[in-house]
Every structure is written in C-alpha cells, then in structure tokens.
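Structure record follows, encoded as structure tokens.
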Amino acid sequence: MNDDIWFTFKSRIAAEVRLKNNDLHSQILLVWYAIASSAAAVVALRYEKFAGPDTDIYTTILSIALLGVSLLVASRDYRGRALQMRANHISLKRLYEELNSGIIPANKKPELYSKLLLECENHTTYDYRHFRIFHKSSLTSQKPTRSDYFLFFPAYIARSGGFLLLYLLPFAAFWSKFA
C-alpha cells in the first residue's frame with residue numbers, strides 16, 4: 163500500500179549518497195587542480211619550457227580548468243542539496259512507519275506525501291535504478307528489469323570514468339612532454 167513512499171525514501175537515500183560523493187570529489191578536485199597548477203607555476207619559474215615550447219599554454223589551460231571546476235562546485239551546492247535530501251528521506255521514513263502502524267490514517271497519505279515531495283528536489287531515475295539494482299535481493303516489488311541494467315550501467319561507468327578523467331587531466335597537459 164505504501165510502496166511509493168518506501169521507494170521514494172530509498173531513492174532519496176541513494177540521491178543523498180550521490181550528492182555527498184559529488185561534494186567530496188569536487189572538493190578533492192579543487193585541491194588537486196590547485197596543487198597541480200601551483201606546482202606547474204613553480205617549476206615554470208625555474209624551467210620556463212619544462213613541458214616544451216607550449217608550457218605557458220598548458221599552465222594557462224590548467225588554471226582555466228581550476229577556475230571552471232571552482233565555478234561548477236560553487237554553483238551546484240552538493241552539500242546543501244545532500245542535507246535537504248537527508249532531511250526529506252528521514253521525514254518520508256517517519257511517514258511510512260506512521261502510516262503502516264496506523265498512527266496516521268490512510269486517507270491523510272496523499273496530502274502528507276505530496277507535501278513531503280515538494281520539500282526538496284526530486285531524486286533522479288539514476289538514483290531510483292541505483293537503489294533497485296544494488297538492493298535487488300531485498301525487494302519484493304519493482305525488481306530491476308533488463309532495461310534498468312541497460313540504462314543504469316552506462317551512466318554508472320560514465321560517471322566513474324568522468325571522475326577518473328578529471329583526476330588525470332592535469333597529467334594529460336604535460337604527459338606527452340615527459341613520456
């Protein structure tokens with residue numbers, strides 16, 4: 163009867179985890195790009211063309227990348243959104259438990275559930291699939307389908323690969339000159 167609340171609650175937990183991971187990686191990337199940019203600037207003081215004749219262009223690109231990452235991180239507010247998601251999924255869990263125990267009558271569900279849905283942004287289909295795929299053994303309904311796997315794993319791999327690419331990007335600017 164209250165499957166919709168339970169799946170929303172669980173999907174929003176997955177969304178909170180995703181947003182916390184985004185926050186962590188973005189903060190690490192900011193520090194990483196700042197270190198790489200500073201190190202390149204210091205080395206360039208001593209060896210002007212340490213990465214070849216275009217060293218100044220490479221260090222400029224690295225600085226622009228740092229600026230871009232910092233602007234992206236500031237505008238996305240991953241931490242604040244994760245905190246909102248957490249507060250919301252805790253409220254959804256309470257509603258689910260109170261409906262199941264009879265503390266709240268069933269006829270109040272649509273009103274209370276709708277109100278909670280409006281309190282924060284919605285989780286994504288990625289979060290919904292993430293929960294269902296990684297917790298499939300505990301599900302009694304809405305088990306993941308083949309299409310869920312087909313749609314989820316390319317996004318999951320792209321997300322992981324994207325983070326890896328962002329971590330390796332500072333090396334890419336100078337790698338060809340040292341290899």
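If you use the numbering used here, the sequence shown corresponds to residues 163 to 341, in order. From the three backbone atoms N, C-alpha and C, an ideal C-beta is built for every residue, glycine too.
From the options, residue whose alpha carbon lies closest to that of residue i
| i | options | result |
| --- | --- | --- |
| F169 | G324, I295, R321, G323 | I295 |
| L280 | T302, Y240, A249 | A249 |
| G242 | E283, I266, G323 | E283 |
| H292 | S300, P306, T302 | P306 |
| R180 | Y329, A334, E259, A317 | A317 |
| L330 | L301, A213, L224, Y311 | L224 |
| F333 | A201, L186, F171 | A201 |
| L245 | I219, S309, K182 | K182 |
Expected contact under 8 Å - CB spacing of residue i and residue j to nearest Å
| i | j | result |
| --- | --- | --- |
| Y195 | L228 | 4 Å |
| S232 | L257 | Not confirmed; about 39 Å, so no contact. |
| E210 | T217 | 7 Å |
| N149 | Y240 | Absent from the structure is residue 149, since the part of the chain shown begins at 163 and ends at 341. |
| Y275 | I167 | 6 Å |
| L346 | K271 | The requested residue 346 is not part of the displayed model; the chain covers only 163 to 341. |
8 Å Cβ cutoff, residue i in contact with chain C
| i | result |
| --- | --- |
| K182 | Of the protein chains in the structure, only one exists, and it is not chain C. |
Residue i beta carbon near the ligand ADP (any heavy atom closer than 7 Å)
| i | result |
| --- | --- |
| E273 | Ligands in the displayed structure: none, and consequently the ligand ADP is not present. |
query = Would you call the segment 172-180 and the segment 282-292 touching, i.e. three or more CB-CB distances under 8 Å?
reply = yes
key: Every unbroken alpha helix (DSSP H) within the segment 256-320, with a cutoff of 4 residues, ordered by chain   = 271-279, 287-296
Complete alpha helix (DSSP H) runs within the segment 176-246 (minimum length 4 residues, chain order) = 217-238
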